[in-house]
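Each residue of the sequence shown is one higher than the one before, counting from 223 in this note's numbering.
The beta-carbon is built from N, C-alpha and C at its ideal position, and this holds for glycine as well.
In this text, all values refer to a predicted model and were calculated from it rather than measured experimentally.
In what follows, a structure is listed as structure tokens, so that the remarks can point back to it.
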Amino acid sequence: MAAALVAAGFCLGGVQEGICRASGMTMTGQDSSAVSGGKVVLTIEDCRSLALRNNASVRNAALDVLAAQAQKGEAVAEYFPKVSINAFGYYAFDPMLEIGVKDILGDSDLANNINSWIGQVAPMYGIDPVYSTMKQGYSATVSVIQPVFAGGRIVNGNRLASLGVEAARLQSTMQQRKSREEVEEEYWQVVSLEEKMKTVQEVQKMLDNLEKDVNAAVSAGIATETDRLQLRLKQNELQATRTKLKGGIRLAKMNLCNSIGVAYSPYSTMASDTLPYIDSIVLADDLGSLEEPASCWRDEKEILAGREESRLLDISVKAKQMEKKMALGEVLPQLGVGLSYGYNDMMFDDARLNGAVYATLRIPITDWGKYSRKVRRQGYQVQKAENDREYLESQLLLQIRQQWLELTVSWEQAQVAEESVRAAQSTVRQMEDRYRAGLVPLSELLEAQTALRQSADALVDARIAYRNAYVRYSSL
223 MAAALVAAGF CLGGVQEGIC RASGMTMTGQ DSSAVSGGKV VLTIEDCRSL
273 ALRNNASVRN AALDVLAAQA QKGEAVAEYF PKVSINAFGY YAFDPMLEIG
323 VKDILGDSDL ANNINSWIGQ VAPMYGIDPV YSTMKQGYSA TVSVIQPVFA
373 GGRIVNGNRL ASLGVEAARL QSTMQQRKSR EEVEEEYWQV VSLEEKMKTV
423 QEVQKMLDNL EKDVNAAVSA GIATETDRLQ LRLKQNELQA TRTKLKGGIR
473 LAKMNLCNSI GVAYSPYSTM ASDTLPYIDS IVLADDLGSL EEPASCWRDE
523 KEILAGREES RLLDISVKAK QMEKKMALGE VLPQLGVGLS YGYNDMMFDD
573 ARLNGAVYAT LRIPITDWGK YSRKVRRQGY QVQKAENDRE YLESQLLLQI
623 RQQWLELTVS WEQAQVAEES VRAAQSTVRQ MEDRYRAGLV PLSELLEAQT
673 ALRQSADALV DARIAYRNAY VRYSSL
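Right under this line is the structure:
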């Protein structure tokens, strides 16, 4: 049995070195993957790159950066003059202004006499005794307004927009890091299940070899039919485990492909060159050798200073300070200058081009109490942001220490799991010798083999857990 274990590559050294994958001639394929014998080969680096390119959350974070840059452009535009073209026209059913003699001289005998005389003479000369105007008119002007001082709101608004761009970039970087971590965990999940599948296959081979010995022993009358039934039961149990693992591998691959944007077909009959069958997608990387935790240790203060979350907390405080300054700017005087020029033909039939230069000054008086309380409210928001920064920085520091603790604990668990595999291998060798000597029943040998498989699975889980903890700590 021990010889079979070594021959099958199931020894501890084989587990530590990882899974051996056959790969033939490869050529560069779409999405940075490689194609070999009709199979799509993905490395961990391929999956990272594809996730950064195709992951919806990463793309949305990049769009948030563009949106923040556009908003900054909006704020910059406030520095420049505002140019506008205004046009107005009207047509009245009746003249809006009519002036006669009585309108000028009043209702008197003189006015009545003059009005009567004009009424007689006016038709002779083709004139109207009543002057009417504003029947129709129009005007068109071009205006330019340049803000000179707006209480600092334009300057602070631009600073606030710049902080928004920086915050969006930090959020994008955080999303990329999160995406890489998630994809790596999904990648190693597939590797973990494939490791366990390999373990089941090797145990199945051992049971097939043992079946020959049991059949021979039953034929010779050394073993009973119960031994054969026990062996068959164990083989059926392994077959059920193998079927379950096969479905789990496919599901884990589908989850990985969805995360990195790789198209696939869950049905072999619908697969094509551009839509590979899910079983044709092969992961090229294995666990390999694990580096000790000390290889990635960094000072926690250095990690905290470089974390995007810490910089976002600083930006949050600065943003609240800018908002307070902008609120203060609402109670300060506002000064602007302007120029307008245009054509006017609104009344008195006196159409002309004209222009004007003007200045505007606005000093809030009655709203001072309202805005002063707004400034006070913004001051409270600044204090709140500073308190949040102090608390959340302590939480970030706790998270760093927690990640390091998980890393060291998972390393120790991996070492214990390796020792368990060694002990299980030794037990299987001893039980095999004792079974052949007739000192123990077959059931105890099968239990020892089951314990070995469970120990090997536990080692795979421990190594995967350490790999994920290593990635999470290294990305801090």
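Item: Report all residues from its chain with a CB closer than 8 Å to the CB of G601; omit the five preceding and five following residues, and keep chain order.; Value: K546
Item: Give me the Cα-Cα distance between S677 and A646, rounded to the nearest whole angstrom.; Value: 7 Å
Item: Buried or exposed for T491, going by 16 or more other Cβ atoms inside 10 Å?; Value: exposed
Item: Quick check: what's the CA-CA separation for L497 versus G379?; Value: 50 Å
Item: Whole angstroms is fine: what's the gap from L535's alpha carbon to Q411's?; Value: 34 Å
Item: According to DSSP, simplified to helix, strand and coil, what is D567?; Value: strand
Item: If you drop the 5 nearest sequence neighbours on each side, which residues of the same chain put their C-beta closer than 6 Å to that of F371?; Value: L557
Item: For E320, does the three-state DSSP call read helix, strand or coil?; Value: strand
Item: How long is the line joining the alpha carbons of S481 and R281, rounded to whole angstroms?; Value: 12 Å
Item: Cβ of L478 within 9 Å of Cβ of V405?; Value: yes
Item: So, L554 versus A578, is the Cβ gap smaller than 9 Å?; Value: no
Item: For K721, name the three-state secondary structure that DSSP assigns.; Value: Outside the shown range of the chain, which is 223 to 698, sits residue 721, and nothing can be said about it.
Item: Counting C-beta neighbours from all protein chains within 10 Å, is the total for V343 16 or more, i.e. buried, or is it exposed?; Value: exposed
Item: Determine, using beta carbons only, whether R685 and L467 come nearer to each other than 9 Å.; Value: no
Item: Label A761 either buried or exposed according to how many other C-beta atoms from any shown protein chain fall within 10 Å of its C-beta, with 16 as the threshold for buried.; Value: The first residue shown for the chain is 223 and the last is 698, placing residue 761 beyond what the model contains.
Item: Going by DSSP, name the residue or residues bridged to Q556.; Value: R584
Item: Closest to G386 by CA distance: which of K542, K456, Q398 is it?; Value: K542
Item: Use the C-beta contact count for E408: other C-beta atoms within 10 angstroms, 16 or more gives buried, fewer gives exposed.; Value: buried
Item: Just how far apart, CA to CA, sit S279 and L505?; Value: 24 Å
Item: For L455, count neighbouring Cβ atoms within 10 angstroms of its own Cβ and tell me buried if that reaches 16, exposed if not.; Value: exposed
Item: For A292 and M396, I'd like the C-alpha separation in whole angstroms.; Value: 21 Å
Item: Going straight from the alpha carbon of Q605 to that of Y613, what length do you get?; Value: 12 Å
Item: On the DSSP bridge assignment, give the partners of P369 in chain order.; Value: G558
Item: Is the beta carbon of L453 less than 9 Å from the beta carbon of V425?; Value: no
Item: Between Q617 and N277, what straight-line distance do the alpha-carbon atoms span, to the nearest angstrom?; Value: 28 Å
Item: Rounded to whole angstroms, what is the Cα-Cα separation between V650 and I503?; Value: 35 Å
Item: Three Cβ pairs or more, each shorter than 8 Å: is that satisfied between the region 659–669 and the region 615–634?; Value: no
Item: Along the chain, where does the alpha helix (DSSP H) containing Y489 start, and where does it finish?; Value: Premise fails: Y489 is in no alpha helix (DSSP H) and is neither H nor E.
Item: Please list the terminal residues of the continuous alpha helix (DSSP H) segment that includes A309.; Value: Segment 304–313 is the beta strand (DSSP E) holding A309; no alpha helix (DSSP H) there.
Item: Under 8 Å by Cβ, that's how I've got Y593 and A527 pegged, so tell me the actual separation to the nearest angstrom.; Value: Wrong, their Cβ atoms sit about 38 Å apart, outside the cutoff.
Item: Determine the DSSP secondary structure at V364, reduced to helix, strand or coil.; Value: strand
Item: How big is the Cα-Cα spacing for C269 and D655?; Value: 47 Å
Item: Might you give, ordered along the chain, the residues of its own chain that have their beta carbon closer than 6 Å to the beta carbon of R169, omitting 5 neighbours on each side?; Value: Absent from the structure is residue 169, since the part of the chain shown begins at 223 and ends at 698.
Item: Quick check on the burial criterion: 16 or more other C-beta atoms within 10 angstroms. Buried or exposed for S401?; Value: buried
Item: Provide the residue span of the beta strand (DSSP E) that contains V436, from first to last.; Value: Per DSSP, V436 belongs to no beta strand (DSSP E); it is in the alpha helix (DSSP H), 375–441.
Item: What is the rounded straight-line gap between the Cα of A691 and the Cα of T630?; Value: 9 Å
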